[in-house]
Amino acid sequence: MKLSNILLTESYLDDLVVKMSKKFPHLQFYVKFGERIDVRGSQQDLADFGNRYHGQVLGDYEVFHVDDDDQGEIVRIIKRDRL
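If you're matching positions, the sequence shown starts at 333 in this note's numbering and goes up one per residue.
Next comes the structure, spelled out in structure tokens:
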């Protein structure tokens, strides 16, 4: 991946974090590794958000939600696979 593509990705994710933080003030959004957004909050808030938005497409990204037996609710916004 070219540096310019990395910078565009990080800028897009940073902008998405700002927008999501305003729309969902009870959740926290963190860009991780310059390639995904981790969502943090109470287990109930994560479950509500994840159940409602799982699979929703945001440009080249998608909301991913799983209820893990060990870690609890996990919500991330990840790069979509292109088939």
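Glycine included, every Cβ here is placed at the ideal spot set by N, Cα and C.
- The three-state reading of DSSP puts PHE396 in strand, counting E and B together.
- Going by DSSP, ASP377 is part of the alpha helix (DSSP H) stretching over 375–385.
- In this model, ASP380 and HIS397 are separated by some 10 Å (Cα to Cα).
- Around the beta carbon of GLY404, fewer than 16 other beta carbons lie within 10 angstroms, which makes this residue exposed.
- Between GLY366 and GLU342, the C-beta spacing is below 7 Å.
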